Amino acid sequence: MHIFWVLVLVFYNGHFISTATGATSTRPDVVNIGAILAFNSSIGKVAKVAIEAALDDVNSDPKVLNGTKLNITMQDTKLSSGFLGIVEALRFMEDDTVAIIGPQHSVMAHVISHIANELQVPLLSFAATDPTLNALQFPFFVRTTQSDLFQMSAVAEIIGYYEWRDVIAIYIDDDHGRNGIAALGDKLAEKRCKISYKAPMSPKVDRNDISDILFKVAMMESRVIILHIYSAWGLDVVDVAHKNGMMGNGYVWIATDWLSTVLDTEPSLPPAAMDNIQGILTLRMHTPNSVSKRKFLSKWSNLTATKANGSLFRLNAYGLYAYDTVWLLARALDTFLNQKGNITFSNDSSLIEFQGGNLRFDSMSIFNGGKVLLSNILHVNMSGLSGPMSFTLDGELNGPAYEVVNVIGTGVRSIGYWSNSSGLALVPPEEFNAQEVNNSSNQQLYDVIWPGQIIQKPRGWLFSRNGKPLRVGVPNRINYREFVSQTEGSDNYIGYCIDVFNAAIDQLPYPVPYKFIPFGNGHSNPKTTNLLRRITTGEFDAVVGDITITASRTEMVDFTQPYIESGLVVVTPVWKLNYGTYTFLRPFTPMMWCVTGISFIVVGVVVWILERRTNDDFRGPLRKQCVTILWFSFSTLFFSSREKIVSNLGRLVLIIWLFVVLILNLSYIASLTSILTVEQLSSPVNAIKILTTSNDPIGFPSGSFVENYLTNELNIHRNRLIPLHSPNDYARALKAGPSLGGVAAIVDERAYMELFLSTRCEFGIVGQELTNMGWGFAFPRDSPLVIDMSTAILRLSETGDLQKLQDKWLAKRTCNSKGVKQEVEHISLQSFKGLFLLCGLACFVALIFFCLGE
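In terms of UniProt numbering, the sequence shown has 744 at position 744, counting the first letter as 1, and numbering is strictly consecutive.
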């Protein structure tokens, strides 16, 4: 690619004179450098004066280059960034040039950088800000100003600070514009923001083209517009936008540093132009105040009078960087010459085979000391008019910083600063406390006067329907009308979901006009998926109602924060337990009672056998001994036995038995207490697991997502699923039961079931929720209303207003029970089998030892 440009340029320019100077250790009297500028541009005319002033200052100070003078050749590109401009810019290469200052345009810098690489001539640009111009691709390109990568970081920081999510980018469709906006997109993505619409402009755009582009921009939702173009067209774009009503309330315009450059350069703009740009935010490269900067500013008017033929224009930031670029090059050259470097050139060996003919390729020369000079440039560390100048390992200037300014009245007002170390701050980065760096609480700006002369921050977007009411679809339900219903004879809608939506809308800091539109035939409940699909087709702008948030639905629309929890639950028939005379026997199963009673007798007999020989309490007539056995056994239940145990084996058996009795006693008391103090309902279905392992039919709401959940997640066969259409169908199916063509249970959302059960105490919810779901309001994908409505719903929840609405519309259960608890199971023998075995083993061992002792 670069060889091609070399060939073409030589064809147009004649030849590059090659002067192979012999090696010498003495300093040359003159060193030739070049400059590529657009003399009539805002940047070029200032830079021309600044470069000439810097050249005078360098040459007038013998200490800088120790007697060597700089000779500069300037070429005017005449505002052209195309091929002809490049040809004109390279005419100075007919002299032995060791470095080139410029060009202004990034497009031209891309091409000339190939030539600089081939000839090993450092290219120092004070105005080419395209972030893709880097040392990796163009090693001889040196940017002596700030990269647009940092400017776009500042813009993204501003967008994030004001909590806007979507922006529109208007940019010039060339390397400068496209690559700058690409960098902006990357920086916005880091803050979870995005460019929702890109509007490229041709480099040869006219006012009609601008009008067409802005018309499309006005149709977008976003009202935050980033304007990244050249100053030659910037004011025209703003003028057309003003005439189209795009500079009023609700709009946000952020211009890159082209606007601050125009305002800093021109002594005054026409009143109409100033009116057009009121309220715009723009960036300006920050250059710290210093004595040298103030001294240079004081003599600027004299410089323009002598070097610009009396033209009146002011100094801008690019002029400061242009001035410093000359000094940077001078210091690098001084180091190069101190290192015994020679200003020599040699032929390009790769082109010798093409020598001869009119193109004269053999005349092309390479600067032999280019690599050393380039290294010296990148190692310069100096203080200039623009502030400290040094380079990173990537070849970029250290300490990038921008000033954020707001156009007000006849001038601008600084509202803060940005740097890559401090972020947004009210003070310049050099004054920023190092301990507060990157502290998010310190990210702040002063108040802004926005377009339309308003102080309140614009919300940054507008309905794409140009202010027409939001079309909100609502399901036309035939049941559960407590959630959504239409008032007969009017267009008004009431219900829990409607009230929550209205309350959330009232919480928004801006008005949102809307109207409800019913969906459904009024004879059956509409399918939620079909309703949501109307958003994707553009028929509705939002959907409000009993809309459950599911994974499949989030692929179509965006949902707000859930405003009510409504997971899936199981509802079955239940009945109240009747407590009778023998309720006290219910804690234990019959088998448990039998084994416990036998154990009392067995332990009494064993203790009698072990004690009767040595213990007088267990002697006497047969009748007395039988009474003693029974009394001793059952008195252990209360730990109040009057008989003393004297044998060791007897004590062993008694200790183990008392432990068993203690456990039985505590378990019985706990179970009986639960039975008598908690009202219980009984159900033939205890959990969804029983449903999945049985063949009983299960009911579900017709047309809902419940059917897919039961079949796909719980693996229930579809033949067992019975679709039901209304609460009355629910009641009939549950009462009939599986034996009479009904269902064993119904699976539906909790919100519906609690409303269903509020007047039907013969049914109840069994077990835990199968899923954790909720209802939300649906909007189109990436709608900015989603975040604001979610915030409003959370605010309603925190203030308790959401609960008040729920209490208003969703009636509480009229029965005493608030839900179905699982019936307390009887304590079976299985639970205490180990204890009884332990006690039996102790008795058996004691008897064995007793017999052996006999």
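For each residue, glycine too, the CB sits at the ideal point set by N, CA and C. Note that the coordinates shown come from a computational prediction; the quantities given were computed from them, not determined experimentally.
Here the alpha carbons of A731 and T692 stand approximately 22 angstroms from one another. Going by DSSP, A241 is part of the alpha helix (DSSP H) stretching over 231-243. Between I478 and G522 the beta-carbon gap is near 7 angstroms, inside 8 angstroms, which marks them as a contact. Annotated three-state conformation of Y446 is coil, per DSSP. A residue is called buried when at least 16 other Cβ atoms come within 10 angstroms of its Cβ; Q768 does not meet this threshold and is exposed.
Beta-bridge partners assigned by DSSP to F519: P475. A direct Cα-Cα distance of roughly 9 angstroms separates V404 from M285. Residue burial annotation: L124 is buried, with at least 16 other C-beta atoms found within 10 angstroms of its C-beta.
Just so you know, the alpha carbons of L740 and R586 end up roughly 32 angstroms apart. The beta carbon of L714 is closer than 6 angstroms to those of T692 in its chain, skipping five residues each way along the sequence. Residue environment for A744: buried (at least 16 other C-beta atoms within 10 angstroms of its C-beta).
When C-alpha distances from D558 are compared across P388, R533, T673, S42, the shortest belongs to R533.
Three or more beta-carbon pairs separated by less than 8 angstroms link the region 289-296 to the region 369-388, which places the two stretches in contact. With contact defined as three or more Cβ pairs closer than 8 angstroms, the region 761-778 and the region 448-459 are not in contact.
The secondary-structure analysis by DSSP pairs G604 with nothing; it has no beta-bridge partner. By the neighbour-count definition (other C-beta atoms within 10 Å, threshold 16), A305 is an exposed residue. Ranking S524, N525, I517, A551 by CA distance to the CA of I535 puts I517 first.
Shown here for F756: same chain residues with a beta carbon closer than 7 angstroms to its own, the five before and five after excluded, namely P727, Y730 in chain order. Annotation for E707: the continuous alpha helix (DSSP H) segment containing it runs 706-712.
Spanning the alpha carbons of A135 and G395 requires a straight line of approximately 6 angstroms. The Cβ-Cβ distance between A425 and Q444 falls below 9 angstroms. Contact between L721 and V500 fails: their C-beta atoms lie close to 32 angstroms from each other, not under 8 angstroms. Secondary structure in the region 133-192: the beta strand (DSSP E) runs of 3 residues or longer, each lying completely within the stretch, are 141-143, 166-172 in chain order. Restricting attention to R178, A842, D29, the CA atom closest to the CA of V660 is found in A842. The closest CA to that of T711, considering only V747, V326, I498, P738, is found on V747. Under DSSP, R284 takes part in a beta bridge, and its partners are E403.
Of all alpha-carbon atoms in F141, K216, L785, the one lying nearest the alpha-carbon of P513 is that of L785. Residue nearest to A255 within the set I455, P511, Y230 is Y230 (criterion: CA-CA distance). Boundaries around T73 are those of the beta strand (DSSP E), 69-76, since no alpha helix (DSSP H) includes it. Inter-segment contact for the region 656-670 and the region 477-494 is absent: fewer than three beta-carbon pairs are separated by less than 8 angstroms.
Look at F432 here: in three-state DSSP terms it is coil, with no helix or strand label.
Under the DSSP assignment, F849 falls outside any beta strand (DSSP E), being part of the alpha helix (DSSP H) whose first and last residues are 829-853. Across the set L672, L329, G250, P723, the C-alpha of G250 shows the shortest separation from the C-alpha of Y510.
Taking a 10 Å sphere around the C-beta of A322, we find 16 or more other C-beta atoms and assign the residue as buried. Taking the Cα positions, V46 is about 31 angstroms away from L214.
Sequence-distant Cβ neighbours of K216 in its own chain, meaning closer than 7 angstroms and more than five residues away, are A199.
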